[in-house]
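Undergrad:
4 protein chains.
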Amino acid sequence: MAESIRVGLLGAGRIGKLHGGNLAGRLPGARLVAVADVRLEAAQELAAALGIEQAYEDPRRVLEDPSIDAVVVCTSTDTHAPLIEAAAQAGKQIFCEKPIDLDLARIDHALGVVAESGVTLQVGFNRRFDPSFARARELVAGGTLGEPHLLRITSRDPAPPPIEYVKVSGGLFVDMAIHDLDMARFLIGQPVEEVYATGAVLVDPAIGEAGDIDTALTTLRFAGGALGAIDNSRRAVYGYDQRIEVFCSEGAVVVGNEVAHQATVLAAEGTRGAPLEYFFLERYMESYLREMEAFIRALQEGTAPPAGGADGRAAVVLAYAAKRSLDEHRPVAPHEVDPGGAA
Amino acid sequence: MAESIRVGLLGAGRIGKLHGGNLAGRLPGARLVAVADVRLEAAQELAAALGIEQAYEDPRRVLEDPSIDAVVVCTSTDTHAPLIEAAAQAGKQIFCEKPIDLDLARIDHALGVVAESGVTLQVGFNRRFDPSFARARELVAGGTLGEPHLLRITSRDPAPPPIEYVKVSGGLFVDMAIHDLDMARFLIGQPVEEVYATGAVLVDPAIGEAGDIDTALTTLRFAGGALGAIDNSRRAVYGYDQRIEVFCSEGAVVVGNEVAHQATVLAAEGTRGAPLEYFFLERYMESYLREMEAFIRALQEGTAPPAGGADGRAAVVLAYAAKRSLDEHRPVAPHEVDPGGAA
Amino acid sequence: MAESIRVGLLGAGRIGKLHGGNLAGRLPGARLVAVADVRLEAAQELAAALGIEQAYEDPRRVLEDPSIDAVVVCTSTDTHAPLIEAAAQAGKQIFCEKPIDLDLARIDHALGVVAESGVTLQVGFNRRFDPSFARARELVAGGTLGEPHLLRITSRDPAPPPIEYVKVSGGLFVDMAIHDLDMARFLIGQPVEEVYATGAVLVDPAIGEAGDIDTALTTLRFAGGALGAIDNSRRAVYGYDQRIEVFCSEGAVVVGNEVAHQATVLAAEGTRGAPLEYFFLERYMESYLREMEAFIRALQEGTAPPAGGADGRAAVVLAYAAKRSLDEHRPVAPHEVDPGGAA
Amino acid sequence: MAESIRVGLLGAGRIGKLHGGNLAGRLPGARLVAVADVRLEAAQELAAALGIEQAYEDPRRVLEDPSIDAVVVCTSTDTHAPLIEAAAQAGKQIFCEKPIDLDLARIDHALGVVAESGVTLQVGFNRRFDPSFARARELVAGGTLGEPHLLRITSRDPAPPPIEYVKVSGGLFVDMAIHDLDMARFLIGQPVEEVYATGAVLVDPAIGEAGDIDTALTTLRFAGGALGAIDNSRRAVYGYDQRIEVFCSEGAVVVGNEVAHQATVLAAEGTRGAPLEYFFLERYMESYLREMEAFIRALQEGTAPPAGGADGRAAVVLAYAAKRSLDEHRPVAPHEVDPGGAA
């Protein structure tokens, strides 16, 4: 077995704890050695639970430790770009939660620093590692289903975020549909040539007053001719609804929801199935482990990470195209919002 | 029990045979007494199989028979409007297969004659009577699911029709999506305010050469704010794919495909479920019986038929709006193609 | 097309109406020409609804009509054996609802008369014609699943019959499990060598007071070594529960329940599937049509019927073996209750 | 938060690694501090991967460490009883993989030592902690389904163990069905009064030559009258098949198989679902985490463990009753094989 990759964790919040637990107990190729968090107590608590000795307030303590090979960035979004840049300059391999940033120029700057430094950057598009979605991608990419014709993505949250969050979120497309736009790119494997978005405020008028929508239907046209539809809602009362379907010339692959258990009740009032997994931490639990495995493996084997900076950037471009389509009530090509790029 | 409704059947083709069998053996309130078909032999064969004495070549023989209360029109589309008019003028109650016609002016003329004569006209939107779709409609209309937010319809045929048929069909929206557009109206129960359609030729280039598309994704915006997406393909290699979903503020109703049987095979190479029902005659078998039951009941009780002339007209208008959206590459409001009407 | 088989229907009750409707409108090879019922009014009503001219009180009127080729016996059980004998002596082909009789000696006598007369006798084991069960049988018999190892049958009624019926029914094994015992023979295609039955009174103490049980678990050992378990209950509050499973060396086939529709509701309180089909008329609707098609086809082609007198007899033998096993609290071989026969 | 429970792991094989990973990264209330294995290298490798400092060859090193609160016994079956006794005498809390032993006298001796020492002993009946089975138990125990009437357990392995293992395994009932017999006790919550077992050699004649069976159907009668059937096979070519069903007076709960993913393929040759989870490590992954959580929680709260020594003993008794039933070809009461006990 190769020497373990020594990892420092930046951010000990909800997602940091999840990655930390995986690194400590379930990934033999990695060894978690340090945790930093702006709340020192949070770093210390997580370190204690995982049997780790180093706990810091300042992430620079981790970046300056020459024994550490890689960092996992789980801090707040606004710190992603500067931490990516600092880590790259310190020669650390980087796993960063999505999004890199909400601003294309800042993304480009950070990706430039990464490119110069030569380190690996993997962006946390964890859904790509979900066993079901990965299987769907594999089937489509492998060609056994023929050419893709139609894509359907249903992505609905169990409840909207607090209205204060909505106000600074960048809007439904950048904040929520961005995952689905990445999934669309991942599944079809072709550039998106046109986006048409419709939206409505049906869940909570306060969301509309904050200048956002809570319900959306986004149509995509891919370079190869395939058509796609993404539907989003900020509130599905029955739980986190995450389904995809790729219809191809020789067959289709359909991914239904994960459920909390397999127990079905047959009663006089009807058949009652298990509820859906509650939210992303439950639904995508396995994907978080698998994406970290993939990151560690990429480092060990010196291969490109399965979701890199360009993917992180492309999804942001598509989200801005959807936003403009909604605003201008017409189909929009991605290059209209990103004259120099390619989605 | 009320006196049986005496019915004459016009058209002894595939769909005529189906309605004839239902009228002869499964609808106690109706009695099939005559069959007419331009191929006299077809009329005679069906009459013999069903134990009916009267078989004619000329539909007028049926219309002139004063003992006959109602006619069921299953002839070719171009004869629908004239037969509706003739039947109405003869005072017969009318069940007519869809579409009434492909031309709005001819539809309007036929509906005018029906209105004047005072007879009942039911249009054969059989899918509305499918037990699953009817249950979905009932749930949405009953309000237990709250307000509709999102609608999804998947409607894919097992194989495209002959190219000669495609050429005269009026195009995918009028010929195929029209059923789904009616279903959208039926399920949501609100006028459609805007249609945006995208399409592609991915199944067969000959369809493109004939000026049509074979794959489409149509977005609808309803008066109450709900958004809908219909996806169509002329060829699903795995069979006739007919699913709908209505997502509402308090829950969702999802209708999956009917399958040919309930036998699932577990084998080393995986789990293999039953194939889908082959095509519309198999998939919608039950709905044909139920729509005829509803027609007979409407006649017996003197109530309005559950799918009338206005419904037949509205679906045609939406199909033309979709076609224009595709042609002009922009969202289109139904009144743009039907200045005087309302979809 | 061959000349239609002319059929007389004996019995215009629930099951008679069902077969009558199928014969009148859905089976082109047959023509229903007469109906008899001890309640003349019932015969007349059904004849009127189906457009049939002959309606009688006395079944002999049908048996004496030389233009009639075949009879369908849907009268009460105690009249089955004498009507089979009379019909056979009149040279009519016979379809008879199950059971032939509850008494082995009377069964043997009736089968003897049929054999002498040379007419065809099909027994109404309709479940064999259910598309799902037939598919399971086809898979097992075709050998693609290898050798059968384990069989599971779940068969539960929605509600127990009236206690007066229970008292004269012959008991749960003869009255209810007999269908499942036939299904076991049909699916595995091997003689049963041993039966072990356990039972309990859990649904209604009155059933116990009537000397019967309402819950049973019956184990079968087949000649080839396969083992089977049948579970029965007189009351499943959630509806008619009819499932089978054959586990074989190279795979398994599992048949789940039919449901009333495909609409699933997702709501805050969980996922709610469609209820099961209510009872046998709904659940096995399709099988009744198919068994009658098979009967007509056997007559037209002069082949053996797919479920004959020997099958009817064998299921009764197994039911008596189960009863003795329960009474004597030990495994019982069928030949113990039928020294001269073979199940 | 309470002080973490300090845990020593005995055995670093397949199941030891699993428990070790859970203790290191996913159970904040526990802290893994030492690993012992007869293969020192295995202990060292696991310790390195989990960031643990102490790795030993001799389990006594762990038992003698006064800083260690509890041990998790994952060694070979024959060492379970002596390690339980030694750990109890050292005052360690004990989690021990099943079975305690195959010999009732040795089990009784070990349980006696545990009782004297006053430590907690939890036996690794992990399936009780499977979210689906736990949900089923909760529904039955909670009474919302009424009284249990029928139980069905399907438990089939993907492939038989090596024939050398079969020879020393104690036979199918003790080695394999024991899990299902515990599940039956767990789900119904009533003593078993009678067992009737049938068996066959259908998978591999070598298993028969080794004096064992590979296919079994076991019938149970519970004290409250409920009946149960367990079917077992040593080889299901389609994977690990683990289903249960409890049918009660007011409804039923049915637990289907877990699948490897949710991606279903629709293709011309039919619908293809995901394969089953491969074997117990995959299928019961979640249950292993939950059982260890329950053990830690029981220690922290000073409550009785959810599966204790008496449960471990009772399942062995039932397995021996099944074995005798098969041998003597008659129903057997558990007290016949355990005159002093109660199953």
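Chains as they are written, first to last, in my numbering: chain A, 949 to 1291; chain B, 949 to 1291; chain C, 949 to 1291; chain D, 949 to 1291.
Ideal Cβ positions, reconstructed from N, Cα and C, are used throughout, including at glycine.
All figures in this text were calculated on a predicted structure; none of them were measured in a lab.
#1: Just how far apart, CA to CA, sit Ile1016/B and Gly956/C?
#2: Residues in the same chain with beta-carbon distance under 6 angstroms from Pro1007/C, minus the five sequence neighbours each way, listed in chain order, please.
#3: When you compare only the Cα positions, how much space is there between Leu966/D and Val1020/D?
#4: Which chain B residues sit within Cβ distance under 8 angstroms of Pro1108/D?
#5: Go ahead and label Ala1290/B buried or exposed: buried means 16 or more other beta carbons lie within 10 angstroms of its beta carbon, across all protein chains shown.
#6: Gly1199/D and Tyr1186/C: beta carbons closer than 7 angstroms?
#7: So, with DSSP's three-state summary, where would you put Asn1205/C?
#8: Could you name each continuous alpha helix (DSSP H) segment of 4 residues or more that falls completely within the segment 981-1011 of chain D, going from the start of the chain to the end?
#9: Under DSSP, the alpha helix (DSSP H) around Thr1027/D begins and ends at which residues?
#10: I need the DSSP call for Arg1191/D, collapsed to helix, strand or coil.
#11: Identify the contact partners of Leu1214/A in chain C, using a Cβ-Cβ distance below 7 angstroms as the criterion.
#12: Along chain D, in chain order, which residues have C-beta atoms closer than 8 angstroms to that of Pro1223/B?
#13: Rounded to whole angstroms, what is the Cα-Cα separation between Gly1090/A and Val1149/B?
#14: How far does the beta strand (DSSP E) with His1097/D in it extend, from its first residue to its last?
#15: Under 7 angstroms between the Cβ atoms of Leu1165/C and Asp1152/C?
#16: Need the endpoints of the beta strand (DSSP E) that Leu1165/A sits in, please.
#17: Beta carbon of Ser1273/B, beta carbon of Val1265/B: below 7 angstroms?
#18: So, are the CB atoms of Leu1031/D and Cys1196/D less than 7 angstroms apart?
#19: In this structure, how does DSSP classify Gly969/C when only helix, strand and coil are distinguished?
#20: Can a CB atom of chain D be found closer than 7 angstroms to the CB of Glu1198/C?
#21: What separation, rounded to the nearest whole angstrom, lies between the Cα atoms of Leu1050/C and Asp1123/C?
#22: Tell me the rounded alpha-carbon separation between Leu994/D and Ala960/D.
#23: Out of Cys1044/A, Val1010/A, Ala1038/A and Ala1018/A, which one is the CA nearest neighbour of Ser1024/A?
#24: With 16 other CB atoms within 10 Å as the buried threshold, where does Val1140/C fall?
#25: Is it the case that the segment 1212-1228 of chain A contacts the segment 1217-1228 of chain C, given that we only count it when at least three CB pairs across the two stretches are under 8 angstroms?
#26: Between Gly999/C, Gly977/C, Pro1047/C and Ala1145/C, which lies nearest to Ala997/B when the distance is taken from Cα to Cα?
#27: With a Cβ-Cβ cutoff of 7 angstroms, do Arg1083/A and Met1131/A count as a contact?
#28: Below 7 angstroms on C-beta distance, what does Tyr1226/A contact in chain B?
#29: Do you know offhand how far Gly1257/B's Cα is from Val981/C's?
#30: For a test of the three-state rule: what should DSSP assign to Gln1210/B, helix, strand or coil?
#31: Are the C-beta of Ala1290/D and some C-beta of chain C separated by less than 7 angstroms?
#32: May I ask which residues mark the beginning and end of the beta strand (DSSP E) holding Val1043/B?
#33: Identify which residue in Leu1247/A, Pro1106/A and Ala1262/A has its Cα closest to the Cα of Pro1292/A.
#34: Nearest chain A C-beta to Ala1171/D closer than 7 angstroms, yes or no?
#35: Rounded to whole angstroms, how far is the Cβ of Phe1077/A from the Cβ of Ala1242/A, which I believe are closer than 8 angstroms?
#36: Who are the Cβ neighbours of Gly1118/A in its own chain at under 6 angstroms, not counting the five residues just before and after it?
TA: Looking at the coordinates:
#1: 28 angstroms
#2: Leu958 and Ala984
#3: 11 angstroms
#4: What Pro1108/D touches in chain B: nothing, since even the nearest Cβ is about 15 angstroms away.
#5: Confidence in Ala1290/B is poor, its pLDDT being 47 and thus under 50, which makes the residue's placement unreliable; the coordinate value appears in the next sentence. By the neighbour-count rule (16 or more Cβ atoms within 10 Å), Ala1290/B is not buried but exposed.
#6: yes
#7: coil
#8: 988-998 and 1007-1011
#9: Thr1025 to Gln1037
#10: strand
#11: Tyr1186
#12: Gly1218 and Thr1219
#13: 23 angstroms
#14: Pro1096 to Arg1104
#15: no
#16: Thr1163 to Phe1170
#17: no
#18: no
#19: helix
#20: yes
#21: 9 angstroms
#22: 7 angstroms
#23: Cys1044/A
#24: buried
#25: yes
#26: Gly977/C
#27: no
#28: Chain B residues near Tyr1226/A: none, gap ~16 angstroms exceeds 7 angstroms.
#29: 39 angstroms
#30: coil
#31: Per-residue confidence for Ala1290/D stands at a pLDDT of 47, beneath the threshold of 50, marking its modelled position as unreliable; the derived number appears in the next sentence. It does not: the Cβ of Ala1290/D has no partner Cβ on chain C nearer than 7 angstroms.
#32: It should be pointed out that residue 1043/B corresponds to Phe in this sequence rather than to Val. Phe1043/B -> beta strand (DSSP E) spans Gln1041 to Cys1044.
#33: Outside the modelled stretch of chain A, which goes from 949 to 1291, sits residue 1292/A, for which no answer is possible.
#34: no
#35: 6 angstroms
#36: Leu1050
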